[in-house]
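What follows is a short report on a single structure.
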DNA sequence: CTGAAAGCGCTAACAC
DNA sequence: GTGTTAGCGCTTTCAG
């Protein structure tokens, strides 16, 4: 990067005003006489002046940039959430600085620190867990944080927007139960996330206990299509007849695997996916899904963040978004 | 954002050295005696000093940030490309500033300008077209640009990494032809992109002409699952018996629509998708696809960009990546 | 309404 | 090796 061709100083000189006035014009400050403003604007246009956002950031201590922390963007779930985030961010003139924490939690603190070094004005965190160290780093920074698409572990400190996963699990199991199924499976990727360990698994176990079910299994480390496909043998061996998955790809793998092995869906095996992405449509027979408004969740999270960054009051920092149980052909 | 708590100046004072020395230590400059370095590092740790990347950016004129321009990240194609880009970017300590140009081309120039204002060191452009104005803006900025996943419109000026789409279309049509099909369709979203208008459509038409085919159609503005689903009636009316689509979701819509209307696949209708995303697996019957190494394309593009930003020589600025025609059950 | 001047936190010659 | 000194380009009091 060479020395910037045209700076605020050049504009000031050409327009015969001070830098301060140019700055006011650029920032829409009203304390400028119309004549002066027009003169400055004319010069800005003639010189093709563009403010250097880095210098603005250093001087104003605001970068109009927010950090977005995602476990994995090749996961459509996060891609769709990001779309909502991006649109609202654009609307409010914020840029998004992307960071991935991988599927493991290794180094989330490092990722957060990096974002803070870049002086982001706020952070949207989409991974479903956060290390103690990462949390501390975030709290110490005092910048606003909103958790999107997962439940807030820290209702007091961070904002959050998500569906009520626990309720979604209960409702799904209720459907299975009413359809006469008694052998339930919960298929997860990482069982140690906050969401899994504190919400899903307890809800799953509690339901089983209340209904006196004895054959209920939690399968972990199942995250891809192939994992789902390969899980089918195990499901049959364990005599499972109803499955909840969190990812549509996994559900698709299970379905295709089960069909190939001659199982009938939904008679022998019912499936509900809480993935809620567009790809659910591709699955045949049509998947019964917990439909979350992913785009809206992203949009609401970003909207909340803009308010927090702007020190506006936020009525409800922990929003529970409604979901829909869309009955397809993988449940009776 | 409050005044930064601990700055390079604090470290210098506490370590009894000058700011310059602290800067050297932070940046791994070797011209520091080991003793001094250790003393500084100790203070850095004690004070939890973290460099302000914005100030670094202003002073050094390098932000270690690259802009990523995407048409739509809820499109898995770009999500998978982005994964490769992100991993390599992280490896080389670059951050990614995300921008979406929407599915229309409105304002790509604006998006580019915004990224330039933020002083990105380079740009990866993934949309499949770019406006004249946007191109000029990019050229004027003199920062390196790499086009990923689409063909380069400007082989001389921008770097590029992509498969040979034209060849992929020809090869696909050849398969259809050998299977006895004679009524071909090319299903596109926007026919005016460089890729469509300069590569795909000409290749499609040329093949038809060379093989004396009279019933070949190009369908435009088909981009979603539903669009594909709804296109089926038209396809039947036009007596199409072989289809190429660019998106897996669209292909899925066509397949499900065709099956529901009682068509047999691949006997009455063959389909090849060049989407190449993971979701192709969900489709039943299994989709025949032009498999592109999306992750690798993203990774190679980012690697090239790091070289360009570093003024290293790049042997080949326009890389054609090999693809694979994976025969599924939607072709004979 | 406008200008002067003091930084924001850091890098990069240039001396020593 | 280490320190001094200018900036980088902009915002923001504070006067007037």
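Protein chains in written order, with this note's numbering: chain A, 11 to 342; chain B, 11 to 342. Glycine included, each C-beta is placed from N, C-alpha and C at the ideal position. Note that the structure is a prediction, hence the values are computed from the model and not measured.
Which residues in chain A have a C-beta closer than 9 Å to the C-beta of residue 60(B)? List them in chain order.
Going along chain A in sequence order, the residues near residue 60(B) (Cβ under 9 Å) are 123, 126, 127.
Let me check one thing: in DSSP terms, what residues is residue 194(B) bridge-paired to?
252(B).
Rounded to whole angstroms, what's the CA-CA distance from residue 244(B) to residue 79(A)? Just pull it up for me.
C-alpha separation (whole angstroms): 43 Å.
Scan the stretch 283-311 of chain A for residues whose Cβ lies nearer than 7 Å to a Cβ of chain B and list them as they occur along the chain.
Result list: 288, 289, 291, 292, 293, 294.
Taking only the alpha-carbon atoms, compute the straight-line gap between residue 147(B) and residue 140(B) and give it to the nearest angstrom.
C-alpha separation (whole angstroms): 11 Å.
What's the gap between the Cα of residue 160(B) and the Cα of residue 315(A)?
Rounded to whole angstroms, residue 160(B) to residue 315(A) spans 34 Å at the Cα level.
First through last residue of the beta strand (DSSP E) which encompasses residue 143(A)
Premise fails: residue 143(A) lies in the alpha helix (DSSP H), 142-151, not in any beta strand (DSSP E).
Reducing DSSP to helix, strand and coil, say where residue 135(B) ends up.
Strand.
Have a look at residue 94(B) and residue 104(B) and give me their C-alpha separation to the nearest angstrom.
Their Cα atoms are separated by approximately 13 Å.
Which residue wins for smallest C-alpha separation from residue 248(A), given the options 225(A), 269(A), 231(A), 257(A)?
Distances from the alpha-carbon of residue 248(A) to those of 225(A), 269(A), 231(A), 257(A) put 225(A) closest.
Identify every residue that forms a DSSP beta bridge with residue 221(A).
BP columns for residue 221(A) are empty, so no partner.
Please classify residue 125(B) as buried or exposed, where buried requires at least 16 other C-beta atoms within 10 Å of its C-beta.
In this structure residue 125(B) is buried. Its beta-carbon is surrounded by 16 or more other beta-carbon atoms within 10 angstroms.
Backbone CA spacing between residue 149(A) and residue 45(A) [nearest angstrom]:
Take the alpha-carbon of residue 149(A) and the one of residue 45(A): they are about 47 Å apart.
Alpha-carbon to alpha-carbon, residue 27(A) and residue 137(B):
The straight-line gap from Cα to Cα measures roughly 41 Å.
Going straight from the alpha carbon of residue 264(A) to that of residue 82(A), what length do you get?
Residue 82(A) has its alpha-carbon roughly 22 Å from the corresponding atom of residue 264(A).
For residue 92(B), which residues in chain A fall below 7 Å Cβ to Cβ?
Residues of chain A whose Cβ lies closer than 7 Å to the Cβ of residue 92(B) are, in chain order, 83.
If contact is defined by three or more beta carbon pairs under 8 Å, each pair taking one atom from either stretch, is the stretch 302-320 of chain A in contact with the stretch 18-34 of chain B?
A contact between stretches requires three or more CB pairs, one per stretch, nearer than 8 Å, and the stretch 18-34 of chain B fails this requirement with the stretch 302-320 of chain A.
Every unbroken alpha helix (DSSP H) inside the stretch 18-100 of chain A [4 residues or more]
Counting whole runs of 4 or more residues, the stretch 18-100 of chain A contains the alpha helix (DSSP H) stretches 18-25, 29-36, 44-57, 63-70.
Would you call the stretch 44-58 of chain A in contact with the stretch 46-61 of chain B, where contact means no fewer than 3 C-beta pairs closer than 8 Å?
By the Cβ test, the stretch 44-58 of chain A is not in contact with the stretch 46-61 of chain B, since fewer than three Cβ pairs between them sit closer than 8 Å.
Who pairs with residue 112(B) in a beta bridge, going by DSSP?
Its beta-bridge partners do not exist; DSSP assigns none.
Between residue 70(A) and residue 168(B), what straight-line distance do the alpha-carbon atoms span, to the nearest angstrom?
Going by the C-alpha atoms only, they are around 35 Å apart.
Alpha carbon to alpha carbon, how far is residue 191(B) from residue 185(B)? Give it in angstroms, no decimals.
Those two C-alpha atoms are separated by around 9 Å.
Does the structure place the stretch 289-297 of chain B close enough to the stretch 318-327 of chain B that three or more beta carbon pairs sit under 8 Å?
No, the stretch 318-327 of chain B is not in contact with the stretch 289-297 of chain B.
What are the residues of the stretch 131-145 of chain B that lie near chain A, defined by any Cβ-Cβ distance shorter than 9 Å?
Of all residues in the stretch 131-145 of chain B, only 131 place a beta-carbon less than 9 Å from a beta-carbon of chain A.
State buried or exposed for residue 87(B), treating a residue as buried only when at least 16 other CB atoms are found within 10 Å of its CB.
Label assigned to residue 87(B): buried.
For the beta strand (DSSP E) holding residue 362(B), just list the boundary residues, first then last.
Since the first residue of chain B shown is 11 and the last is 342, residue 362(B) is not available in this structure.
Got a sec? Which residues, its chain only, sit under 7 Å from residue 33(B) by beta carbon, not counting five neighbours each side?
Here the set comprises 18.
With distances taken from CA atoms, which of 228(A), 291(A), 76(A) is nearest residue 250(A)?
The residue with the shortest Cα to Cα distance from residue 250(A) is 228(A).
For residue 84(A) and residue 90(B), believed in contact at Cβ under 8 Å, the rounded distance:
Contact holds; Cβ gap of about 5 Å.
Of the residues that make up the stretch 204-235 of chain A, which ones have a beta carbon closer than 7 Å to any beta carbon in chain B?
Those residues of the stretch 204-235 of chain A that come within reach of chain B (Cβ to Cβ, closer than 7 Å) are 235.
Would you say residue 67(B) reaches chain A, if we count a Cβ-Cβ gap shorter than 8 Å as a contact?
So yes, residue 67(B) belongs to the interface.
Relative to the alpha-carbon of residue 341(B), which residue among 332(B), 303(B), 307(B), 275(B) has its alpha-carbon at the smallest distance?
Proximity to residue 341(B) across 332(B), 303(B), 307(B), 275(B) peaks at 275(B), based on C-alpha coordinates.
Unbroken beta strand (DSSP E) run spanning residue 233(B), endpoints
Where residue 233(B) is concerned, there is no enclosing beta strand (DSSP E), given that its DSSP letter is neither H nor E.
Here's the rule: buried if 16 or more other CB atoms are within 10 angstroms of the residue's CB, otherwise exposed. What is residue 212(A)?
Counting every other CB atom within 10 Å of its CB across the protein chains shown gives residue 212(A) a total below 16, marking it as exposed.
Nearest to residue 176(B) by CA position, among 145(B), 158(B), 154(B), 215(B), is which residue?
From the listed residues 145(B), 158(B), 154(B), 215(B), the smallest Cα separation to residue 176(B) is found for 215(B).
For the stretch 248-299 of chain B, list the beta strand (DSSP E) runs that are entirely contained and at least 3 residues long, ordered along the chain.
Runs of the beta strand (DSSP E) inside the stretch 248-299 of chain B: 252-255, 280-283.
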